[in-house]
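If you're matching positions, the sequence shown starts at 1 in my numbering and goes up one per residue.
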Amino acid sequence: MERFNKILAVSSLTGVLLFSTTGVSAAIFKDVNENFWGTNEIDFLFEEKIVGGYQN
């Protein structure tokens with residue numbers, strides 16, 4: 001049973017890492033155009049939890 005729990009934990013962590021928030025910031029920052037020169041920087045700052053946004 002302990003081995004099963006370890007496998008389950010590793011699988012869960014792998015899933016979280018694979019399906020992280022990458023690319024989600026475009027949906028959060030609807031006022032930032034994909035062609036804007038600072039989009040990558042905004043994405044980075046959002047992923048590092050330095051900046052946030054509102055859903056409206």
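The beta-carbon is built from N, C-alpha and C at its ideal position, and this holds for glycine as well.
- Item | Reduced DSSP secondary structure (H/G/I, E/B, other) of V32 | coil
- Message: Rounded to the nearest angstrom, what separates F46 and E34 at their Cα positions?
- Response: Inter-residue distance for F46 and E34 is about 15 Å (C-alpha atoms, whole angstroms).
- Query: Can you give the Cα-Cα distance for N40 and Y54, rounded to whole angstroms?
  - Reply: 18 Å
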